[in-house]
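Chemist: With the working numbering as the guide, the letters of the sequence shown map in order to residues 1 to 376.
Glycine included, C-beta positions come from ideal geometry on N, C-alpha and C.
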Amino acid sequence: MSSVYTLDNRRLENFLERHKAYYAYSGEIEIDRFLREVLQKANEFVPSAAGSILLDDPSTKNNEDRLENDLVFIATFGADGDTRLARRINARIGIAGHVYSTGVGYMTEDVVDDPYFYPTYEAPSFHTESVLCVPIRIEAAVCGVLELVNRVGPGGFREKDRRLLEIFGDYASISIQNLLDARRAFEVAKRDGLTGLYNERYLHLRLTQELSRISRDGGDLCVIFLDLDNLKSVNDRHGHLAGSQVLREVGYVLKRTVTDERATLTRYGGDEFVLILPGHSLEGGLEIAERIREAIRSATFLSRPYGFNSPALNLQETITASLGISSVRTHATVPASVEQQKNELLRAADQALYQAKEGGKDRSAAARPTEMRVGG
Numbered sequence: 001m002s003s004v005y006t007l008d009n010r011r012l013e014n015f016l017e018r019h020k021a022y023y024a025y026s027g028e029i030e031i032d033r034f035l036r037e038v039l040q041k042a043n044e045f046v047p048s049a050a051g052s053i054l055l056d057d058p059s060t061k062n063n064e065d066r067l068e069n070d071l072v073f074i075a076t077f078g079a080d081g082d083t084r085l086a087r088r089i090n091a092r093i094g095i096a097g098h099v100y101s102t103g104v105g106y107m108t109e110d111v112v113d114d115p116y117f118y119p120t121y122e123a124p125s126f127h128t129e130s131v132l133c134v135p136i137r138i139e140a141a142v143c144g145v146l147e148l149v150n151r152v153g154p155g156g157f158r159e160k161d162r163r164l165l166e167i168f169g170d171y172a173s174i175s176i177q178n179l180l181d182a183r184r185a186f187e188v189a190k191r192d193g194l195t196g197l198y199n200e201r202y203l204h205l206r207l208t209q210e211l212s213r214i215s216r217d218g219g220d221l222c223v224i225f226l227d228l229d230n231l232k233s234v235n236d237r238h239g240h241l242a243g244s245q246v247l248r249e250v251g252y253v254l255k256r257t258v259t260d261e262r263a264t265l266t267r268y269g270g271d272e273f274v275l276i277l278p279g280h281s282l283e284g285g286l287e288i289a290e291r292i293r294e295a296i297r298s299a300t301f302l303s304r305p306y307g308f309n310s311p312a313l314n315l316q317e318t319i320t321a322s323l324g325i326s327s328v329r330t331h332a333t334v335p336a337s338v339e340q341q342k343n344e345l346l347r348a349a350d351q352a353l354y355q356a357k358e359g360g361k362d363r364s365a366a367a368r369p370t371e372m373r374v375g376g
């Protein structure tokens, strides 16, 4: 069998953002390897010259009119399979669109006279002759298709091939569902239940991973320590339910403001938050910290009722934030262990946070440089 191609893991994660799967999966199961195995097994069941997995895109999906959706090639094999990756076809056209919209498998032994066939993305040296396509379901809803092209051997696809691939399509659907379930369980274990941000345990894991990468490949990274100002006054005046809702809304503000997909946003505990920003220098981290500070300062908190008989409070310029910033190249020791570097970064950012507090709150402060430097 020829090489199987998939989108990279970060892009594949977007196609698993559906239904109850709220967060990006980054556990031990590699999505790209999983999809390659699905296509390889399908080809073992029904040997074919080419094949693809196409899924609808949850970020643009129209649940009311499925024919408005696009199907995206997320895994392929066969002639110029890599050139089909990430390309889109509308659900109104082609055999893949027909199977997606009807939820019923389809087979044609000769595409020349087939009413549903629509040629898409064929290599110059490759011509589609026969097609077998079955639906892929997630939580009972059709979300894509598994398609094989040009049966290897004499003749085209046969009825027994259709039955075999439908059985395998059900298996693939169950396998994807199991992947989603594993993904959810992994996310629950590393998320803060109130804000939806990552928790302290995952912060230490990610920081260790990033520092190990920098030790190997070079680069920089900054850490931002954030502490909310005046949350105690909200708790004292309006109660802890109001304070909890403020924390939840701060999580929303952070996710809207920090859009770098490499960033890790965590609730460290209480009203403290820590952000890991790979690829950012101390100066770059300070710029982002200022954007966060402004976003929190200008936000209106509790603008809607937040609990039983708890009216909107519309808190403006009540909640502000103090932030401290450190970076690897400014505050980490060159030959030290990753654990020591991690402690140095967190300590330096924490000290800078207290400088900001002592300076009057609602401000950002970069940690004072030390004599420690990372070479490279």
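1) Going by DSSP, what residue range makes up the alpha helix (DSSP H) through A365?
2) Any idea if F225 is buried or exposed, counting beta-carbon neighbours within 10 angstroms, 16 or more meaning buried?
3) Mind checking which residues open and close the beta strand (DSSP E) that includes G406?
4) Does DSSP put D65 in a helix, a strand or coil?
5) Please determine, among A141, N69, Q209 and A91, the residue with the shortest C-alpha to C-alpha distance to R262.
6) Among residues of its own chain, excluding the 5 on either side of F168, which ones have a beta-carbon nearer than 6 Å to its beta-carbon?
7) Since G153 and P47 are thought to touch, with beta carbons under 8 Å apart, how far apart are those beta carbons, to the nearest angstrom?
8) What's the gap between the Cα of K160 and the Cα of S130?
9) Does DSSP classify R304 as helix, strand or coil?
10) Just checking: is the beta-carbon of G239 within a distance shorter than 8 Å of some beta-carbon in chain B?
11) Between V145 and L71, how many whole angstroms is the CB-CB distance? I'm expecting something under 8 Å.
12) Between V38 and R137, what straight-line distance do the alpha-carbon atoms span, to the nearest angstrom?
13) Could you work out which residue in Y116, S322, E294 and S233 is closest to F273 when comparing CA atoms only?
14) Please report the straight-line C-alpha distance between S310 and Y252, rounded to a whole angstrom.
15) Name the residue from Y106, E139 and L313 whose alpha carbon lies nearest to the alpha carbon of V149.
Modeler: In short:
1) Against the sequence shown, residue 365 aligns to sequence position 365. That residue, A365, is in no alpha helix (DSSP H); its beta strand (DSSP E) goes S364 to A366.
2) Translated into positions along the sequence shown, residue 225 becomes position 225. Around the Cβ of F225, a 10 Å sphere holds 16 or more other Cβ atoms; the residue is buried.
3) In the structure displayed, the chain extends from 1 to 376; residue 406 sits before or after that span and is not available.
4) Translated into the one-based positions of the sequence shown, residue 65 becomes position 65. Reduced to three states, the DSSP call for D65 is coil.
5) The residue labelled residue 262 in the question sits at position 262 within the sequence shown. Nearest of A141, N69, Q209 and A91 to R262, Cα basis: Q209.
6) For this step, residue 168 is matched to residue 168 along the sequence shown. Within the same chain, F168 has close Cβ partners A42 and F45.
7) Start at 1 with the first residue of the sequence shown, and residue 153 comes out as number 153. Start at 1 with the first residue of the sequence shown, and residue 47 comes out as number 47. Their Cβ separation, rounded to whole angstroms, is 7 Å, which keeps G153 and P47 in contact under 8 Å.
8) Reading the sequence shown from its first residue, position 160 is the one you call residue 160. Reading the sequence shown from its first residue, position 130 is the one you call residue 130. Roughly 15 Å separates the two Cα atoms.
9) The sequence position of residue 304 within the sequence shown is 304, counting from 1. Coil, per DSSP.
10) Looking at the structure shown, chain B is missing, and only one protein chain is on hand.
11) The residue you call residue 145 lines up with position 145 of the sequence shown. The residue you call residue 71 lines up with position 71 of the sequence shown. Indeed, because the Cβ distance is near 7 Å, the residues count as touching under 8 Å.
12) Translated into the one-based positions of the sequence shown, residue 38 becomes position 38. Translated into the one-based positions of the sequence shown, residue 137 becomes position 137. In this model, V38 and R137 are separated by some 14 Å (Cα to Cα).
13) Working through the sequence shown from its first residue, we reach residue 273 at position 273. Cα-wise, what sits closest to F273 is S322.
14) The residue labelled residue 310 in the question sits at position 310 within the sequence shown. The residue labelled residue 252 in the question sits at position 252 within the sequence shown. Spanning the alpha carbons of S310 and Y252 requires a straight line of approximately 20 Å.
15) The residue you call residue 149 lines up with position 149 of the sequence shown. When each option's Cα is compared against that of V149, the closest is Y106.
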